[in-house]
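Structure first, then comments.
Residue numbers (my numbering): 4 to 167.
So this is what it looks like as structure tokens:
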């Protein structure tokens, strides 16, 4: 595949988001074909309760942002994420999920460790970008919308914050 295909490092979590983000940044279109039928086995690789799933979700999302987001935006997101990730870990502890809380800590530690290895990929992505800001990127906070505004469906999100 000319655009690199799925990144093996993102095994089982966020590999499709990474691929689509890279395609969009290079000026390619990403389409949805509503007539398609897709069968997805949720938890086929890791169950929802598995702390390794928590680890992969947090680590891969941090790497996804680092790899693809413009530096100025990424700085702000990482600043906010630092506090939110540890808040999430505290919530997991309070919910009696200490292994998930440890997974968040380990994900952040491994992100810091792997960051250098992704520097060259990040630089290449930034150099090859022809689209700086994606119009489809949500400019609000999904966390605020979910926990404070009680938005439970995609259709309830503000369209003004979605397509700009």
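For glycine and all other residues, C-beta sits at the position ideal for the given N, C-alpha and C.
Under the 8 Å Cβ criterion, the stretch 103 to 123 does not count as touching the stretch 13 to 22, having fewer than three qualifying pairs. For the pair residue 152 and residue 144, the Cα-to-Cα distance works out to about 10 Å. For the pair residue 7 and residue 25, the CB atoms are nearer than the 8 Å cut-off.
72 is the residue among 34, 83, 127, 72 whose C-alpha sits nearest the C-alpha of residue 136. Here residue 88 is near residue 111, since their CB atoms are less than 8 Å apart. With 16 or more other CB atoms across the displayed protein chains lying within 10 angstroms of its CB, residue 103 is buried. Taking 8 Å as the cut-off, the Cβ atoms of residue 107 and residue 50 do not count as close. Classified as buried, residue 70 has 16 or more neighbouring CB atoms from the shown chains inside 10 Å of its CB.
Minimum Cα-Cα distance from residue 124 among the listed residues 34, 35, 66 corresponds to 66.
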